[in-house]
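2 protein chains.
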Amino acid sequence: MARQRSRGWNELEAVTLLQSVLGVSHAGVAVAIGDDAAVLQSPRGKLISTVDVAVQGVHFDRRWLTLTDIGFRSFNAAASDLGAMGARPLGALSSLILPKGFEPRELRELAEGQADAARRLKCPVVGGNLARGSELSVTTTVMGEARKPLLRSTAREGDELWLIGNVGLATAGLRLLAAGSKAKSHAVQRCIEAWRRPLAQLEMGAKLVARAHAAIDVSDGLGCDVTRLAHASQLRVIVEAHALEATLTSDLMQVAATLGVSALDLALSGGEDYAILAAGTAAKRPRFAARIGHFERGKGAKLELANGRRVELPSGFDHLAR
Amino acid sequence: MARQRSRGWNELEAVTLLQSVLGVSHAGVAVAIGDDAAVLQSPRGKLISTVDVAVQGVHFDRRWLTLTDIGFRSFNAAASDLGAMGARPLGALSSLILPKGFEPRELRELAEGQADAARRLKCPVVGGNLARGSELSVTTTVMGEARKPLLRSTAREGDELWLIGNVGLATAGLRLLAAGSKAKSHAVQRCIEAWRRPLAQLEMGAKLVARAHAAIDVSDGLGCDVTRLAHASQLRVIVEAHALEATLTSDLMQVAATLGVSALDLALSGGEDYAILAAGTAAKRPRFAARIGHFERGKGAKLELANGRRVELPSGFDHLAR
Numbered sequence: 454m455a456r457q458r459s460r461g462w463n464e465l466e467a468v469t470l471l472q473s474v475l476g477v478s479h480a481g482v483a484v485a486i487g488d489d490a491a492v493l494q495s496p497r498g499k500l501i502s503t504v505d506v507a508v509q510g511v512h513f514d515r516r517w518l519t520l521t522d523i524g525f526r527s528f529n530a531a532a533s534d535l536g537a538m539g540a541r542p543l544g545a546l547s548s549l550i551l552p553k554g555f556e557p558r559e560l561r562e563l564a565e566g567q568a569d570a571a572r573r574l575k576c577p578v579v580g581g582n583l584a585r586g587s588e589l590s591v592t593t594t595v596m597g598e599a600r601k602p603l604l605r606s607t608a609r610e611g612d613e614l615w616l617i618g619n620v621g622l623a624t625a626g627l628r629l630l631a632a633g634s635k636a637k638s639h640a641v642q643r644c645i646e647a648w649r650r651p652l653a654q655l656e657m658g659a660k661l662v663a664r665a666h667a668a669i670d671v672s673d674g675l676g677c678d679v680t681r682l683a684h685a686s687q688l689r690v691i692v693e694a695h696a697l698e699a700t701l702t703s704d705l706m707q708v709a710a711t712l713g714v715s716a717l718d719l720a721l722s723g724g725e726d727y728a729i730l731a732a733g734t735a736a737k738r739p740r741f742a743a744r745i746g747h748f749e750r751g752k753g754a755k756l757e758l759a760n761g762r763r764v765e766l767p768s769g770f771d772h773l774a775r
Numbered sequence: 454m455a456r457q458r459s460r461g462w463n464e465l466e467a468v469t470l471l472q473s474v475l476g477v478s479h480a481g482v483a484v485a486i487g488d489d490a491a492v493l494q495s496p497r498g499k500l501i502s503t504v505d506v507a508v509q510g511v512h513f514d515r516r517w518l519t520l521t522d523i524g525f526r527s528f529n530a531a532a533s534d535l536g537a538m539g540a541r542p543l544g545a546l547s548s549l550i551l552p553k554g555f556e557p558r559e560l561r562e563l564a565e566g567q568a569d570a571a572r573r574l575k576c577p578v579v580g581g582n583l584a585r586g587s588e589l590s591v592t593t594t595v596m597g598e599a600r601k602p603l604l605r606s607t608a609r610e611g612d613e614l615w616l617i618g619n620v621g622l623a624t625a626g627l628r629l630l631a632a633g634s635k636a637k638s639h640a641v642q643r644c645i646e647a648w649r650r651p652l653a654q655l656e657m658g659a660k661l662v663a664r665a666h667a668a669i670d671v672s673d674g675l676g677c678d679v680t681r682l683a684h685a686s687q688l689r690v691i692v693e694a695h696a697l698e699a700t701l702t703s704d705l706m707q708v709a710a711t712l713g714v715s716a717l718d719l720a721l722s723g724g725e726d727y728a729i730l731a732a733g734t735a736a737k738r739p740r741f742a743a744r745i746g747h748f749e750r751g752k753g754a755k756l757e758l759a760n761g762r763r764v765e766l767p768s769g770f771d772h773l774a775r
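Protein sequence lines correspond, in order, to chains A and B.
Take our numbering: the final residue in the first sequence is number 775, and no numbers are missing along the way.
Take our numbering: the final residue in the second sequence is number 775, and no numbers are missing along the way.
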């Protein structure tokens, strides 16, 4: 997707503007605009909430996804932010904008994907809203609770960088669809499925709470999201190429070869797998996490090659630049 | 706004469909799809949440509203559902879809309206989302808590029907704008302001918890919403015309005369004032609530005229019919 800036302002500037206008200081707000999800301190505990939208023509293309896929993946995309905070899901709200002529059959298909995601994630849809508009959009609010939510800003110098889940498969799947691939191999199907039906890492996220210092979900690409994690924690992050490559599946290797691209590039730049990146000490690294780098004093994000040379990581995805 | 059915299905049918697909039975869900807001039972208390969207060209027209108005009123429209549940606000999430060419200055104006509403309602914006799309939309999630939330389904036979706040002013204001009114009288300004800057009744809603049996907010018109309240409580509701007329302000009377319509019709059919309707006993009626009718055994909603004759109430507004 295009990364050029749009009319002289980008997403970071927009978020900064919103923080300055909306970022009220308030006794009950533990973490506001800027982390994966918001944390509210209520008299009864910590409430974690997040909202995400999928807009037709921007976030999805109905040539490549059924409405059931759209329901499933938009729900998981929203829930993924909760996973990165280590929160236990409580429930979700679904707000739909439906274009004229959208049929009851289509609404049912969409809702079935949401219901499937809700069951898989143990996060029931408890309410929502319906409205008319010119383009289909699905806005999902997910709420959860955590005693001690995992933030982006609390990685420590010397921490390992952990990867939980796979990266690169979803973007490989999208590229296969865009290229009109007709291949039916297991590897191709797995990549397409990874893009169509990502599953948020809620269970792993909850298990990280007692082990990690900080976390973020990989929605916009590993390179982009690891940079956010390092920036929020005021540290430099080093992604070790050989360690990351060791986590890549043979399916990804095979599809990368078919596409004529590097599997490592897919892993670094591809978003929408909804893996989790976390920071923690070697002693506390869980079995389901792979060490792919480390944090050190400094700024920015680097990729360390096998020969020890460090290069810049791809800088990221901008939701407003298109 | 048009009330005809759209391609053979309406909002009620769509909600029923969603309830059947999404309406999972789950231990933590106290009240799901169908009330003003959802109620989640967490180990730590009752979490009330609701979501609402304002779509350009559907819910608002930028000829008549500044972006600051749009931010203010969309926030209050969402928060109003919380008021009707008697919940104390905790925080809100704002999810924006911005069309291409939407300027930073415009984003600031919109956010200033949201920030103003957040301050007035003591409900800080704690997070959100930004995305591109072809039309501007503002989706607001509002979360709160209540020990004993007020539902729609718990009015009792013999209860009085209470009105908290004004009805009719906002729709009168909208009609004045649509008619291109240039009048500057206090009454005209008050009606236009009621439409542009409605204030959700969160404080009154919270005070109702200990006094009312049931409540709903008036978003789609008194006639429509009182019918929903009666239907959910499996009772008949009688709106007493003389009692409702006694609550109407002289500003509304004056503007109704200008528009050549009946003030009572404006009060019954006009939405977007975000008043609250509640059910309770005479002994517990608070000073800020006006008695405008009563509940009895039976079904449906009737308007009782001064001569004792009963006529049907206007049936309501359909968000999908347009």
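Heads up, the beta-carbon is just placed ideally off N, CA and C, and yes, glycines get one too.
Remember, predicted model here, so these are calculated numbers, not experimental data.
*Start-end ranges of the alpha helix (DSSP H) lying completely within the segment 583–641 of chain A, minimum 4 residues*: 622–631
_Buried or exposed (CB count within 10 angstroms, at least 16 for buried), residue 532 (chain A)_ = buried
*Within 10 angstroms of the Cβ of residue 658 (chain A), are there 16 or more other Cβ atoms? Answer buried if so, exposed if not.*
buried
_Residues in the same chain with beta-carbon distance under 7 angstroms from residue 765 (chain A), minus the five sequence neighbours each way, listed in chain order, please._
755
_Buried or exposed, going by whether 16 or more other CB atoms sit within 10 Å of the CB of residue 601 (chain B)?_
exposed
*Which value, in whole angstroms, describes the spacing of the CA atoms of residue 730 (chain B) and residue 581 (chain B)?*
If I take the Cα positions, the gap works out to 31 angstroms.
_Three-state secondary structure assigned by DSSP to residue 553 (chain B)_ = coil
_residue 591 (chain A) versus residue 760 (chain A): straight-line alpha-carbon distance, rounded_ = Going by the C-alpha atoms only, they are around 46 angstroms apart.
*State the DSSP-derived secondary structure class of residue 699 (chain B), mapped to helix, strand or coil.*
Correct three-state label for residue 699 (chain B): helix.
*Quick one: grab the DSSP three-state call for residue 567 (chain A).*
helix
*Buried or exposed by the 16-neighbour rule on C-beta atoms within 10 Å, applied to residue 552 (chain A)*: exposed
*Using a Cβ-Cβ cut-off of 7 angstroms, state whether residue 582 (chain A) counts as contacting chain B.*
Interface residue (Cβ-Cβ distance to chain B less than 7 angstroms): residue 582 (chain A) is classified as such.
*CB-CB under 6 angstroms to residue 520 (chain B), same chain, minus the five flanking residues each way: which ones, in chain order?*
559, 562, 563
*Could you confirm whether any beta carbon from chain A is found closer than 7 angstroms to the beta carbon of residue 798 (chain B)?*
Chain B is shown from 454 up to 775; residue 798 (chain B) falls before or after that span and cannot be answered.
*How about residue 666 (chain B) and residue 736 (chain B): do their beta carbons lie closer than 7 angstroms?*
no
*What is the residue span of the beta strand (DSSP E) that residue 732 (chain A) lies within?*
728–733
*Secondary structure of residue 711 (chain A), DSSP reduced to three states*: helix
*Using a cut-off of 7 angstroms between C-beta atoms, extract the partners of residue 491 (chain A) located in chain B.*
544, 546, 579, 580
_Please tell me whether residue 562 (chain B) has its Cβ less than 7 angstroms away from any Cβ of chain A._
no
*Near-chain A residues of the segment 585–613 of chain B (beta-carbon distance less than 7 angstroms), N- to C-terminal order*: 585, 586, 587, 588, 590, 592, 594, 596, 598
*Given residue 473 (chain A), which residues of its chain have a CB within under 8 angstroms of its CB, disregarding the five upstream and five downstream residues?*
none
_With DSSP as the reference, identify every bridge partner of residue 499 (chain B), one or two as the case may be._
Per DSSP, B:494.
*Between the CA atoms of residue 674 (chain A) and residue 637 (chain A) - distance to the nearest angstrom*: 26 angstroms
*Straight-line gap, residue 613 (chain A) to residue 744 (chain A) (C-alpha atoms, nearest Å)*: 6 angstroms
*Does DSSP put residue 467 (chain A) in a helix, a strand or coil?*
helix
*Using the DSSP secondary-structure output, state which residues sit across from residue 704 (chain A) in a beta bridge.*
None; residue 704 (chain A) has no bridge partner.
*I think residue 599 (chain B) touches residue 499 (chain B), with their Cβ atoms under 8 angstroms apart; what is that distance to the nearest whole Å?*
6 angstroms
*First through last residue of the beta strand (DSSP E) which encompasses residue 689 (chain B)*: 689–693
*With 7 angstroms as the threshold, decide whether the Cβ of residue 685 (chain B) is near any Cβ in chain A.*
By this cut-off, residue 685 (chain B) is not an interface position.
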